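If you count the sequence shown from 1, you need to add 272 to reach our numbering.
Cβ atoms here follow ideal geometry from the backbone N, Cα and C, with glycine treated the same way.
Note that this is a predicted model, so its numbers are computed, not measured.
Structure first, then comments.
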Amino acid sequence: MSGNEHKQQKLNVKYADSSLKLDKAQLEFMKLIEEQNLERVQKLKRLRRNNLMTAGALITSVVGIYAYSILSVKQEKFLDDFEEPRKSNMSTAAVRVLKSGLRLPPLPTLRDIVKLYNLRAVKQLSQNFLMDERITDKIVKQCGRIDSKDAVLEVGPGPGGITRSIIRREPKHIVLVEKDARFLPTLELLRECVAPLNIHMQIFVGDILTFNIENHLPDITQRLHLIGNLPFSISTRLLINWLEDVSLRRGAFRRRDTCMTLTFQKEVAERICAPLGHEQRCRLSVMSQIWTQPFLKFVIPGTAFVPKPEVDVGVVKLMPLKEPKTTLDFRLVEKVVRHIFNMRQKYCRRGFGTLFPPDQRESVTFELFKEADVEDTLRPFQLSVDECLRLAKAYSNFIQKNPEVESYNFRAPKREAFEAKIISDASKKFVHLIIYGENRNN
C-alpha cells in the first residue's frame with residue numbers, strides 16, 4: 273500500500289463507527305506534527321547560534337579597531353606634550369649620579385608627610401595646604417620660563433607642595449621663607465634630595481613682611497621669580513609692600529623682569545585685575561595697575577585645599593612695567609587713592625576732599641579737580657589710572673605750597689574724642705572705686 277493511499281485511509285476513518293480507531297489516528301497525527309516541530313526548532317536554534325557567533329566576531333573586530341585608533345591618537349598627543357630635553361641643565365656630579373644607576377632618596381607624598389609629622393593647619397596663620405601636584409605644577413607654570421640660572425623665592429611653602437613643582441623646573445637657587453617652624457623637617461628633606469642636582473636651597477624661618485631680600489639674594493644678575501600660596505591675612509599688606517619696592521626698584525625688584533605669581537581670595541584677585549568701570553575696582557586695582565600689569569590666570573576651588581577654606585582662590589601674575597606710569601612718591605599716591613576709594617559709592621570729590629581740613633575742603637577740592645582736568649561727579653571706580661595720577665600730582669603741588677596740610681588726618685578728631693571718652697570713663701570708674709573703698713573702710 274502506497275503512502276498516499278495510507279494517508280487517504282487515515283482521513284477516511286469513520287469516527288462514528290469506532291472511537292478506538294479515532295483515538296489512534298489522533299495520536300499518530302499529533303506525533304507527526306510534534307516531530308516536525310522539533311526538527312524546525314532545532315534548525316532555528318542552529319541558525320540563531322551561527323548568527324550570534326558571526327555578530328560577536330564582527331563586534332570584536334570593530335571594537336578592537338576603534339580601541340587601537342583611540343590609543344594611537346592618545347599616544348601621539350601625549351608625545352606632542354613633551355618638551356625637548358634641556359641640554360646641560362644638571363651639573364656634572366648629578367649626571368654622574370644618574371649614569372651610575374644611583375637614585376635619590378625616596379620622597380614621601382605630601383599626604384604621607386602631613387600624617388608622619390602630624391602637621392595641622394593653624395587657623396591663626398591662615399594656613400591651607402595644596403596637595404594636588406597638578407595644581408601646584410600649574411601655578412609654577414604661570415611664572416613662565418625658569419631656567420638653570422634663575423632664582424625663585426617662595427612665600428609660605430608649608431609642607432612643600434609648590435616647592436616640589438619648583439624643583440622640577442630646576443632653578444639655580446631656591447629661597448623658602450616660612451613662618452611656622454613645624455615645617456622645617458619636611459623642607460630640609462627636600463633640600464637633601466636636591467643637593468645632588470646642584471640646586472642651592474635656603475630655608476628661613478621668619479615673617480616675609482620683615483624679610484630682607486637684598487641680604488639673601490645679593491646677585492642681581494639672576495632673574496628672580498616670586499611665588500607663594502599666600503596666607504589670606506597678609507596677602508594685601510604684602511602686595512602693597514612689594515608694589516612700593518617696585519616703585520623704588522629695591523629688594524626683589526632691582527631688576528625689572530621680576531614677576532610675582534601669587535594666590536589671593538578669588539574676590540581680592542578679581543579686584544586686583546578689575547578694569548576701568550568695573551564695580552569691583554578699588555584701591556588695589558589702581559595701585560597694582562600703576563606699577564604692574566596684573567593677570568588673573570585661573571581659579572582654584574576651595575575643595576582643592578586642606579583644610580577647605582570658605583572661599584575659592586585666584587592665581588594672579590603681576591609683571592612690573594618696564595616704564596612706570598608715574599615718578600610720584602608711592603606713599604603719596606597710595607594716600608590719595610586710599611582717600612578717594614574710602615567713599616567708593618559717592619562722588620569721587622567726597623573722598624578726595626577728606627585730604628583737607630573742613631574749612632577749606634570745598635574750595636580746594638574744586639580747584640584741584642579743575643587743575644587735574646577730572647570730572648568731580650564720577651564714582652571712584654569710574655576713574656582711570658591716569659586720572660588718579662593727575663589728582664595725586666595736583667595734591668602734591670598743593671602740599672608743596674601748603675606743607676601744613678600734609679599731616680592733616682580727617683579721622684584724628686574722632687579718634688581724639690574717642691580716646692578722651694575712654695579716659696573720662698576710666699577716671700570715673702577709678703574715682704568710684706576710691707570712694708567705694710573709703711566707705712567700706714569707714
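**Report entry** Bridge partners - valine 424, DSSP secondary structure assignment
**Finding:** According to DSSP, valine 424 bridges with Ile446, His497.
Query - Inter-residue Cα distance where the pair is glycine 500 and glycine 549 - result: 29 Å
Query - Anticipated Cβ contact below 8 Å, glutamine 552 with alanine 546, distance rounded - result: 4 Å
Query raised in the report: Smallest Cα separation from proline 429: which of Arg555, Lys451, Ala327?
Result: Lys451
Query raised in the report: On the three-state DSSP scale, how would you describe proline 457?
Result: helix
Query raised in the report: With burial defined as no fewer than 16 other Cβ atoms inside 10 Å of the residue's Cβ, what is the status of isoleucine 485: buried or exposed?
Result: Classification of isoleucine 485: buried, given that the 10 Å Cβ count is 16 or more.
Query raised in the report: When DSSP labels each residue in this structure, what does threonine 435 get in the three-state scheme?
Result: helix
**Report entry** Expected contact under 8 Å - CB spacing of leucine 604 and serine 560 to nearest Å
**Finding:** That belief does not hold up - the Cβ atoms of leucine 604 and serine 560 are roughly 17 Å apart, past 8 Å.
Query - Which listed residue (Leu502, Pro573, Thr493, Arg555) has its alpha carbon closest to that of arginine 526 - result: Thr493
**Report entry** Cα-Cα separation between serine 341 and threonine 332, rounded to whole angstroms
**Finding:** The C-alpha of serine 341 lies about 14 Å from the C-alpha of threonine 332.
Query raised in the report: Of the residues Lys444, Asn487, Arg543, which one's Cα is nearest the Cα of aspartate 497?
Result: For clarity, residue 497 is histidine in the given sequence; the question names aspartate instead. Nearest of Lys444, Asn487, Arg543 to histidine 497, Cα basis: Lys444.
**Report entry** Residue from Leu640, Val636, Asn614 whose Cα sits closest to the Cα of proline 652
**Finding:** Asn614
Query - Inter-residue spacing [alpha-carbon to alpha-carbon] between leucine 640 and serine 656 - result: 17 Å
**Report entry** When Ile612, Asn681, Leu661 are compared against proline 630, the one with the closest alpha-carbon
**Finding:** Asn681
Query - Under the three-state DSSP convention, the category cysteine 620 falls into - result: helix
Query raised in the report: If we call anything under 8 Å between Cβ atoms a contact, is arginine 660 one with valine 518?
Result: According to the sequence displayed, residue 660 carries cysteine and not arginine. Result no, Cβ atoms of cysteine 660 and valine 518 do not sit closer than 8 Å.
Query raised in the report: So, histidine 611 versus phenylalanine 602, is the Cβ gap smaller than 8 Å?
Result: no
Query raised in the report: Going by other Cβ atoms of all chains shown within 10 Å of its Cβ, with 16 needed for buried, is serine 679 buried or exposed?
Result: With fewer than 16 other Cβ atoms within 10 Å, it is exposed.
**Report entry** For lysine 580, the nearest candidate out of Pro566, Arg312, Met403, Leu310 (CA to CA)
**Finding:** Of the listed residues, the one whose Cα sits closest to lysine 580 is Met403.
Query raised in the report: Does DSSP put glutamine 474 in a helix, in a strand, or in coil?
Result: strand
Query raised in the report: Leaving out five residues before and five after cysteine 620 in sequence, what residues of the same chain have Cβ atoms less than 7 Å from its Cβ?
Result: Here the set comprises Ile612, Asp648, Leu650, Arg651, Pro652, Leu655.
Query - Check: lysine 589 C-beta below 7 Å from any heavy atom of the ligand PLP - result: Looking for the ligand PLP in the displayed structure turns up nothing, as the structure carries no ligands at all.
Query - From Cys465, Arg454, Pro592, Leu511, residue whose alpha carbon lies closest to that of arginine 436 - result: Cys465
Query raised in the report: In terms of residue numbering, what span does the beta strand (DSSP E) encompassing methionine 591 cover?
Result: 585–592
Query raised in the report: When the Cα of valine 540 is compared with those of Pro573, Asp529, Asp584, which residue comes out closest?
Result: Asp584
Query raised in the report: The beta strand (DSSP E) with valine 677 in it runs from where to where?
Result: Where valine 677 is concerned, there is no enclosing beta strand (DSSP E), given that its DSSP letter is neither H nor E.
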